[in-house]
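Engineer: In the working numbering, the protein residues as written are 145 to 382.
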Amino acid sequence: MGYQTFAQYYDAAMGDRTPDIEYLKKLIRQHKPEARTLLELGCGTGEVLKAFNGSMTVTGVDNSPEMLAIAKAKVPDVHLVQADMTMYNSGEQFDLVLCVFDAVNHLLERGQWKQLFTSARQNLARDGLFIFDINTLHKLEKFAAGDMQGTEFGGNYYMTKVGKAAEGTNIYDWTVKVFEKEPNEEFLLHEEHVSETSFPIPEVMEMVESVFLEYVIMEDPFLGQVSENSNRVVFMCK
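#1: Use the C-beta contact count for residue 292: other C-beta atoms within 10 angstroms, 16 or more gives buried, fewer gives exposed.
#2: Nearest to residue 257 by CA position, among 349, 233, 195, 337, is which residue?
#3: Flag this pair as yes or no: are the beta carbons of residue 332 and residue 326 separated by less than 8 Å?
#4: When we look at the beta-carbon of residue 184 and count the other beta-carbons within 10 Å, is it buried (16 or more) or exposed?
#5: Taking DSSP as the reference, what is the three-state secondary structure of residue 369?
#6: Need the endpoints of the alpha helix (DSSP H) that residue 196 sits in, please.
#7: Inspect the beta-carbon positions of residue 274 and residue 356 and report whether they are closer than 8 Å.
#8: Going by C-alpha to C-alpha distance, which of 151, 219, 318 sits closest to residue 289?
#9: Taking C-alpha atoms, which residue in 223, 208, 178, 173 lies nearest to residue 194?
#10: Using three-state DSSP, classify residue 258 as helix, strand or coil.
#11: Pick helix, strand or coil for residue 218, following the three-state DSSP scheme.
#12: Would you mind giving the Cβ-Cβ distance between residue 254 and residue 150, rounded to the nearest angstrom? I have them listed as a contact below 8 Å.
#13: Please confirm whether residue 272 and residue 242 have their CB atoms less than 8 Å apart.
#14: From residue 171 to residue 205, what distance separates their C-alpha atoms?
#15: Going along the chain, which residues of its own chain have a beta-carbon closer than 8 Å to the beta-carbon of residue 229, five neighbours each way excluded?
#16: At the level of alpha carbons, what is the spacing between residue 190 and residue 330?
#17: Here's the rule I'm using: 16 or more other beta-carbon atoms within 10 Å means buried, otherwise exposed. How should residue 366 be labelled?
#18: Please state whether the Cβ-Cβ distance between residue 373 and residue 250 is less than 8 Å.
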């Protein structure tokens, strides 16, 4: 999955996540306003945990020790676990389970997606809510057809290029480059490769509905109604 090198630059490179977190809060107010406990699968550097810590009891799970170290510094009083999110069973039941910021796309096999959904359900209270989002195939294909993208942060530069791993697959490799500005005005290059995949939205729905039978709601956070042009889709499951 990468992030051994990129973890230390992740928050700065990703920029302000406040709009995304406010959108999450809106969904929770609409669908589970009474929630008091939260589990995040693939918690990364802890931005979501930080936003909900205090108003809820929160727990974070991630497989990257580098990302968890940053989360620990950010929210030292939060319970953090290094584990495979597809296999994690806390022995507890949470009002909310989240897997957001396209964490599920890092799972490259269909069976792993179903394992993740099963893990979420095992950790979910009877009337709990599971929220996850995905980068759609449309978005990955569009990015792969485009040029390298770049942004500046704090005098450093963050650049990404997406390419298909191999013909006949839906696996895409993100080449991530951070040019860190040195005191002598030269730049130190850090490079990481992160793979993602996705599936057609009807296939994702079929996988989810095989685990969550009560209801599944889909939403495009930008367009509202999900369409073939959606770049990101949010799923809410009970």
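Positions of the beta carbon are idealized from the N, C-alpha and C atoms, including for glycine.
Structural biologist: In this structure, then:
#1: exposed
#2: 349
#3: yes
#4: buried
#5: In the three-state scheme derived from DSSP, where H, G and I count as helix and E and B as strand, residue 369 is classed as coil.
#6: 191-196
#7: yes
#8: In terms of CA proximity to residue 289, 318 leads the group 151, 219, 318.
#9: Taking residue 194 as reference, the option from 223, 208, 178, 173 with the minimal CA-CA separation is 223.
#10: Here residue 258 sits in helix by DSSP.
#11: helix
#12: Contact doesn't hold; Cβ gap of about 26 Å is too wide.
#13: no
#14: 21 Å
#15: 185, 186, 205, 206, 207, 243, 247, 260, 263
#16: 31 Å
#17: exposed
#18: no
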